[in-house]
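Numbering of the sequence shown is given in the working numbering, commencing with residue 1 and proceeding in unit increments.
Glycine included, C-beta positions come from ideal geometry on N, C-alpha and C.
Report on the structure given below.
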Amino acid sequence: MKIERKQRLAGKMKTRLLIVEARFYEDLCDELVRGACAALERAGATWQRVAVPGALELPGAIAMAARRYDGFVALGCVLRGETSHYDIVAGESARGIMDLTMQGICIGNGVLTCENEAQAWARARVSEGNKGGWAADAALAMIGLKRALRKAARR
């Protein structure tokens, strides 16, 4: 089964996404959102935004809204600090997002896990890593796959 590119996915069927932003590092998150919004706009998708305090709250917010949207773009940043808290936040937020995807929820994971702010900016900047745009593209691809599999099952 061939899955089409994101531009075709949003074309015929209206595609609604929720961008869920962990706002702990606001400037970095703003750049991730900028990339995600540009990717969704190019694809013809519609979206809304909601903010949560940090990365650990992302899975809960997505779970609360799961039936209202076709997919989600999870954005945020976890920077290594002086304690093991980084490992807990990075691992548990990723696990929570992965658990939701295993339930069939389409999520593009744009949560950066970096050693320092310089690494985070290199990944967040639209002109460099554009991980916000990448996460939006991933969400669109998963929505397209889910639709294609549903369509194939009806045949």
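Coarse secondary structure for residue i, derived from DSSP in three states
i: Arg-68; result: coil
i: Cys-106; result: coil
i: Glu-115; result: coil
i: Arg-16; result: strand
Contacts around residue i, its chain only, beta-carbon distance under 7 Å, and the 5 residues preceding and following it disregarded
i: Leu-17; result: Leu-40, Ala-45, Trp-47, Tyr-69, Asp-70, Gly-71, Phe-72, Val-73, Ala-139
i: Ile-62; result: Val-20, Phe-72, Ala-74, Leu-100, Ile-105, Ile-107
Cβ shell of residue i (< 6 Å), same chain only, five flanking positions each side left out
i: Trp-134; result: none
i: Pro-98; result: Strictly speaking, residue 98 in this sequence is Met, with Pro absent from that position. If we look at Met-98 and ignore the five residues flanking it on each side, it has no Cβ neighbours.
i: Cys-77; result: Tyr-25, Leu-28, Leu-112, Ala-120
Residue nearest to residue i in terms of C-alpha spacing, selected from the options
i: Gly-35; options: Met-142, Leu-75, Ala-63; result: Leu-75
i: Ala-65; options: Tyr-25, Leu-100, Gly-54; result: Leu-100
i: Glu-117; options: Arg-80, Ala-148, Ala-94, Val-126; result: Arg-80
Residues near residue i by beta carbon distance below 8 Å, same chain, minus five either side
i: Ala-122; result: Glu-128, Gly-129
Cβ separation of residue i and residue j, assumed to be a contact under 8 Å, to the nearest whole Å
i: Thr-15; j: Ile-143; result: 6 Å
i: Ala-22; j: Gly-54; result: 5 Å
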